[in-house]
Amino acid sequence: MDSHRVLALANRYRQAANQVMEIQGRIKGTVEWNGAEWKGKRRERFNSDYQETIQAFQRYVRDLQITSDELEKAAVRIEELKKELAKQQQKG
31 MDSHRVLALA NRYRQAANQV MEIQGRIKGT VEWNGAEWKG KRRERFNSDY QETIQAFQRY
91 VRDLQITSDE LEKAAVRIEE LKKELAKQQQ KG
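Residue numbers (the working numbering): 31 to 122.
In structure tokens:
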């Protein structure tokens, strides 16, 4: 297995996490800018749904980052195993 491909995949996961955070920031800005005067039951319902959505965004970002970290660790392990195999082949 090619560790460079695994690292590239890890980077894509990290980039996806960054994009999700950027989108979340834009949504937050839009909600704050447009919702300053909005009041009542609909606003309360929206706020509740919005908070749930923000939490889902945060979980998704965390999962993407964890996956990226694990892929990076796997790439390092692949390289370690390749070196170990190369040493064994030189001895044998």
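Heads up, the beta-carbon is just placed ideally off N, CA and C, and yes, glycines get one too.
Please read these numbers as outputs of a predicted model, since none were measured by experiment.
Query	Result
Exposure of S98, with buried meaning 16 or more beta-carbon neighbours within 10 Å	buried
Reduced DSSP category for K69 - H, G, I as helix; E, B as strand; rest coil	coil
Extent of the continuous alpha helix (DSSP H) to which M51 belongs	S33 to N64
Burial state of A105 (16 or more Cβ within 10 Å)	buried
Assigned exposure category for L101 - 16 Cβ within 10 Å defines buried	buried
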